[in-house]
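Visitor: I'd like to ask you about the structure that follows.
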Amino acid sequence: MIKLIIKKTIKNYKDTENEKVRESYGVLAGVLGIICNFILFCVKLVIGTLMNSIAITSDAMNNLSDMGSSVISIVSSKMSNQKPDKDHPFGHGRIEYVGSLIVSFIIILVGFELLRTSIDKIINPEVIAFNIGLVIILALSVFIKFWMFSYNKYIAKAINSSLMDATAHDSLNDSISTGAVILSLFVGQFTTLPVDAIMGLLVSAFIMVSGIKLAKEVIDVILGTPPSLETVKKISDIVLSGEGIVGIHDLIVHEYGPGRVFASVHAEVPDDVNIVKVHEVIDELEQRVQKELNFVLVIHMDPISLNDEKTQRIRKIITEITSEISSELSIHDFRMTDGENNINLIFDLVVPIETSTEDRKKYVETISSKLKEIDSRYRTVIQIDNAY
1232 MIKLIIKKTI
1242 KNYKDTENEK
1252 VRESYGVLAG
1262 VLGIICNFIL
1272 FCVKLVIGTL
1282 MNSIAITSDA
1292 MNNLSDMGSS
1302 VISIVSSKMS
1312 NQKPDKDHPF
1322 GHGRIEYVGS
1332 LIVSFIIILV
1342 GFELLRTSID
1352 KIINPEVIAF
1362 NIGLVIILAL
1372 SVFIKFWMFS
1382 YNKYIAKAIN
1392 SSLMDATAHD
1402 SLNDSISTGA
1412 VILSLFVGQF
1422 TTLPVDAIMG
1432 LLVSAFIMVS
1442 GIKLAKEVID
1452 VILGTPPSLE
1462 TVKKISDIVL
1472 SGEGIVGIHD
1482 LIVHEYGPGR
1492 VFASVHAEVP
1502 DDVNIVKVHE
1512 VIDELEQRVQ
1522 KELNFVLVIH
1532 MDPISLNDEK
1542 TQRIRKIITE
1552 ITSEISSELS
1562 IHDFRMTDGE
1572 NNINLIFDLV
1582 VPIETSTEDR
1592 KKYVETISSK
1602 LKEIDSRYRT
1612 VIQIDNAY
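So this is what it looks like as structure tokens:
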């Protein structure tokens, strides 16, 4: 059904890289969310009032908060599509992440309010006026919420939207919580325990945990996460396919919202090649990445010696030493200055980003000591790099 709605309402719906199309997807999801959640809020509020059920009434309030989330989806979609300006040269795409964070806080707040009310009802229990007809109507809302989960998940995947993904998970949580409420109504008919309030307590915990997990995921993206192995491979394959490129290192990827990715990488080239020719190759590679991956890539050229036997021999020795210490270590930007009394070995040592300061110092000392054992003239100048 959602595919048909998209076809009928969004022009050029297949061009999901287009900012206007992305915005239209976000607005459509928001409008559908407002309509569905308003209907669910009204129905559940009436049923909760008639049956004197705190769990159902709380569920209605949850749908009301979801209406607010849908409004945030529309506003975020509109704002994130604004063009870059002098104050925000990388665009406004991260507004979508802020919107996702707001949604997660709303989820946590709703869960906390339900927790507070449920505890009060456990202390002061009330009789539930069970009505099978109203329960059946309530059960239909589970299917509506599951449909909302499905279309939000579909749109999230289509436009790579963290905000739509957050909304999808919120809808799934609502389906589960409403199902749990219905179960509590039936169980409550066979016991004097405040099952309604206890179920409300469990549902509130489930909602809050879901909100906290969602907030963590969004905060991770805002702070910056390493590129996926798939992204690294795609960029590496393209850059290494360039004529004269013999290796790459220091690949860094920054994301400023969906479709706004900037990256940089150091490309290793032989030090005896024609610089102008290599520069042309690098320009072509940058344009290819832009066309195929929609990334803005800046390639820095690093000349390395491939024909000097002494340099290659010492580089191999250092590589073997680092491999013995840890398979996670690697080196790049190796160069050597040969003097009368000292031979300076200069290179960058790449370590896992979580490596402690003490271990970093230990690595440098160990490598320097082992090289001194081979030749007392070796002096190391080691720059520590993080593996992004």
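Start counting the sequence shown at 1232; every next residue gets the next number (my numbering).
A virtual CB, placed ideally from N, CA and C, is assigned to each residue, including glycine.
Predicted model only: the values in this text are computed from it and were never measured.
According to DSSP, is D1290 helix, strand or coil?
Guide: Three-state DSSP puts D1290 in a helix.
Visitor: Ignore the nearest five residues each way along the sequence and tell me which others in H1531's own chain have a CB closer than 6 Å to its CB.
Guide: Closer than 6 Å at Cβ, skipping near neighbours: H1497.
Visitor: Identify every run of the beta strand (DSSP E) within the region 1501 to 1583, keeping only runs that are complete inside it and at least 3 residues long; order them along the chain.
Guide: 1526 to 1535, 1561 to 1569 and 1574 to 1583, all fully within the region 1501 to 1583.
Visitor: Starting from the Cα of M1298, find the closest Cα among C1267, Q1543, E1327 and R1325 and give me that residue.
Guide: Among C1267, Q1543, E1327 and R1325, the Cα nearest to that of M1298 is on C1267.
Visitor: Please classify D1569: is it buried, with 16 or more other beta-carbons within 10 angstroms of its beta-carbon, or exposed?
Guide: The residue in question, D1569, is exposed, as its Cβ has fewer than 16 Cβ neighbours within 10 Å.
Visitor: I'd like to check one pair, I1359 with G1455: are the Cβ atoms closer than 8 Å?
Guide: Contact: no.
Visitor: On a Cα-Cα basis, can you pick out the residue from S1402, L1371 and I1367 that is closest to N1383?
Guide: For N1383, the nearest C-alpha among the options comes from S1402.
Visitor: DSSP three-state label for T1409, please.
Guide: Note: T1409 maps to helix in three-state DSSP.
Visitor: So, at 6 Å on beta carbons, what are the nonlocal neighbours of R1491 in its own chain, with the 5 sequence-adjacent residues on each side left out?
Guide: Once the five neighbours on either side are set aside, the close Cβ partners of R1491 are G1322 and G1324.
Visitor: With hydrogens ignored, establish whether the beta-carbon of L1580 is closer than 7 Å to any heavy atom of the ligand MG.
Guide: This structure lacks the ligand MG, and indeed carries no ligand of any kind.
Visitor: Could you give the first and the last residue of the continuous beta strand (DSSP E) run that contains L1424?
Guide: Taken as a continuous stretch (DSSP letters only), L1424 belongs to no beta strand (DSSP E), as it is neither H nor E.
Visitor: If I follow the unbroken alpha helix (DSSP H) through G1257, where does it start and stop?
Guide: Counting along the chain, the alpha helix (DSSP H) containing G1257 begins and ends at E1250 to M1282.
Visitor: Can you pull the DSSP bridge partners for Q1614?
Guide: Q1614 is bridged to D1579.
Visitor: Closest to S1349 by CA distance: which of S1289, G1264 and M1310 is it?
Guide: Per the Cα distances, S1289.
Visitor: Taking the CB atoms as reference points, tell me whether L1560 and V1582 lie closer together than 8 Å.
Guide: Result yes, Cβ atoms of L1560 and V1582 sit closer than 8 Å.
Visitor: With a 10 Å radius around its C-beta and 16 neighbouring C-beta atoms as the bar for buried, classify V1509 as buried or exposed.
Guide: Buried: at least 16 other Cβ atoms inside 10 Å.
Visitor: How many angstroms separate the CA atom of V1504 from the CA atom of G1475?
Guide: If I take the Cα positions, the gap works out to 8 Å.
Visitor: Just tell me which of Q1543, K1603, F1437 and E1596 has its CA closest to the CA of Q1614.
Guide: Q1614 has its Cα closest to that of E1596, out of Q1543, K1603, F1437 and E1596.
Visitor: Taking DSSP as the reference, what is the three-state secondary structure of A1387?
Guide: A1387: helix per DSSP, three-state reduction.
Visitor: Does the region 1296 to 1316 come within contact of the region 1442 to 1455, defined as at least 3 CB pairs closer than 8 Å?
Guide: No, the region 1296 to 1316 is not in contact with the region 1442 to 1455.
Visitor: Would you be able to state if there are at least three C-beta pairs under 8 Å between the region 1329 to 1347 and the region 1387 to 1406?
Guide: A contact exists between the region 1387 to 1406 and the region 1329 to 1347.
Visitor: Near E1254, which residues of its chain fall below 7 Å by C-beta distance, leaving aside the five closest residues on each side in sequence?
Guide: Cβ neighbours of E1254 beyond the five flanking positions: S1308, K1309 and N1312.
Visitor: So the candidates are S1472, V1412, K1603 and H1485; which of them puts its Cα closest to the Cα of S1435?
Guide: Here the closest residue by C-alpha is V1412.
Visitor: S1335 to K1352, Cα distance in whole Å?
Guide: Approximately 26 Å, taken between the alpha carbons.
Visitor: Closest to K1251 by C-alpha separation, out of I1375, I1305 and A1618, would be which residue?
Guide: Looking at the Cα atoms, I1305 is the closest of the given residues.
Visitor: My guess is that I1287 and I1278 are in contact by the Cβ rule of under 8 Å, so how many angstroms apart are they, rounded?
Guide: Yes, they are in contact, since the Cβ atoms of I1287 and I1278 sit about 6 Å apart, within 8 Å.
Visitor: Once DSSP output is grouped into helix, strand and coil, what is the label at S1607?
Guide: S1607: coil per DSSP, three-state reduction.
Visitor: Would you call L1602 buried or exposed, if buried means 16 or more other Cβ atoms sit within 10 Å of its Cβ?
Guide: With 16 or more other Cβ atoms within 10 Å, it is buried.
Visitor: Under the three-state reduction of DSSP, which class applies to E1474: helix, strand or coil?
Guide: In this structure, E1474 counts as coil in the three-state DSSP scheme.
Visitor: Kindly indicate the opening and closing residues of the alpha helix (DSSP H) around Y1328.
Guide: That run of the alpha helix (DSSP H) goes I1326 to I1354.
Visitor: What three-state label does DSSP hand S1495 in the structure shown?
Guide: The answer is strand: DSSP assigns S1495 an E or B state.
Visitor: Pick helix, strand or coil for I1241, following the three-state DSSP scheme.
Guide: Reduced to three states, the DSSP call for I1241 is coil.
Visitor: With 16 as the cutoff for other CB atoms within 10 Å, does I1354 come out buried or exposed?
Guide: It is exposed - the Cβ of I1354 has fewer than 16 other Cβ atoms within 10 Å.
Visitor: Going by the beta-carbon positions, is the gap between M1567 and T1550 smaller than 8 Å?
Guide: Cβ atoms of M1567 and T1550: not closer than 8 Å.
Visitor: Measuring only the C-alpha atoms, how far is Y1256 from L1340?
Guide: About 27 Å.
Visitor: Hey, does I1466 have any beta-carbon neighbour from chain B nearer than 8 Å?
Guide: In the structure shown, chain B cannot be found, because there is only a single protein chain.
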